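Student: Take this structure, written in structure tokens, and hold onto it; I'll ask about it next.
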Amino acid sequence: MDMSSQPAMLSQKIARIGANVLSDFLKIPVRAQSGPPPMIHNGAEISISGKWKGSVTVSTCENLGQRIAGQMFRKEDDAVTGEDVVDALTELTNIIAGNIKAILPGPSQLSLPVPLAVLPSEHRNNVDVELFDDRQGMLRISLQPAEH
């Protein structure tokens, strides 16, 4: 799939993947919208290699990160540790990237997810999707093609 020719359609598919994973797996309803994003604190990345090359980054603000970890590990939000958030985001990135890989040209392989200390900046070739929960928490999914 040539990302430059169909970014809106790809963005819609990625938003649907993210929303389905959060609502079905974690019971956290989200919706795609634009607006002033909250400060992003946590993220993880997976590289994709093969016919399509690039990466998927999933990042979130602190309160939604705690909520995701709480749901994933069946803990109250205030009992969630920073390590729980990192573990939950790397697993969530793995799930979301696996679903995104299925809509990209193949064959391809995923790397293991890695937590990010520094989140990537926006780039014009990225497909970025922002999903918000009912508490103004935001999850950003970014599909980044490799630079040639």
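Numbered according to the working numbering, the sequence shown spans residues 12 to 159. For each residue, glycine too, the CB sits at the ideal point set by N, CA and C. Note that the structure is predicted; figures quoted are calculated from it, not measured.
Taking Cβ positions, are Ile57 and Val140 nearer each other than 9 Å?
Tutor: Indexing the sequence shown from 1 puts residue 57 at position 46. Indexing the sequence shown from 1 puts residue 140 at position 129. Against a cut-off of 9 Å, the Cβ pair of Val140 and Ile57 comes out as no contact.
Student: Determine the extent of the alpha helix (DSSP H) in which Asp98 is found, giving its start and end residues.
Tutor: Within the sequence shown, the letter at position 87 stands for residue 98. Run containing Asp98: 93 to 112, per the alpha helix (DSSP H) assignment.
Student: Return the residue from the list Lys64, Leu33, Ile114 that minimises the CA-CA distance to Leu142.
Tutor: Counted from its first residue, the sequence shown places residue 142 at position 131. For Leu142, the nearest C-alpha among the options comes from Leu33.
Student: Is the stretch 101 to 110 touching the stretch 51 to 65 in the sense that three or more CB pairs, one from each, lie closer than 8 Å?
Tutor: Yes, since at least three Cβ pairs between the stretch 51 to 65 and the stretch 101 to 110 fall closer than 8 Å, the two stretches touch.
Student: Sorted by chain position, which residues of the same chain lie with C-beta nearer than 7 Å to Leu75's C-beta, five sequence neighbours on each side aside?
Tutor: Walking along the sequence shown from the start, residue 75 turns up at place 64. Result list for Leu75: Asp144, Gly148, Met149, Leu150, in chain order.
Student: Determine the extent of the beta strand (DSSP E) in which Glu158 is found, giving its start and end residues.
Tutor: Position 147 of the sequence shown, counted from the start, is the residue given in the question as residue 158. It is not in any beta strand (DSSP E) - Glu158 carries neither H nor E in the DSSP assignment.
Student: What does the alpha-carbon distance come out to for the pair Ser15 and Met83?
Tutor: The count along the sequence shown starts at 1 and reaches residue 15 at position 4. The count along the sequence shown starts at 1 and reaches residue 83 at position 72. Annotation note: pLDDT 47 at Ser15 (below 50); position unreliable, coordinate value reported separately. Distance between the alpha carbons of Ser15 and Met83 is about 35 Å.
Student: Taking the alpha-carbon positions, what's the Asn136 to Arg42 distance?
Tutor: Here residue 136 refers to the residue found at position 125 of the sequence shown. Here residue 42 refers to the residue found at position 31 of the sequence shown. Their backbone Cα atoms lie some 23 Å apart in a straight line.
Student: Cα separation between Val69 and Ile106?
Tutor: For the purposes of this step, residue 69 is taken as the residue at position 58 of the sequence shown. For the purposes of this step, residue 106 is taken as the residue at position 95 of the sequence shown. Each residue's Cα considered, the two are about 10 Å apart.
Student: Count the other CB atoms, across all protein chains shown, that sit within 10 Å of the CB of Thr71; report buried if there are 16 or more and exposed otherwise.
Tutor: Taking the sequence shown and counting its residues from 1, the one referred to as residue 71 is at position 60. Under this definition Thr71 is a buried residue.
Student: Does DSSP put Met50 in a helix, in a strand, or in coil?
Tutor: Translated into positions along the sequence shown, residue 50 becomes position 39. Of the three classes helix, strand and coil, the one that applies to Met50 here is coil, per DSSP.
Student: Count the other CB atoms within 10 Å of the CB of Met12; is the residue buried (16 or more) or exposed (fewer)?
Tutor: Taking the sequence shown and counting its residues from 1, one reaches residue 12 at position 1. A caution first: Met12 carries a pLDDT of 45, below 50, which makes its placement in the model unreliable, though a value can still be read off. Per the 10 Å Cβ criterion, exposed.
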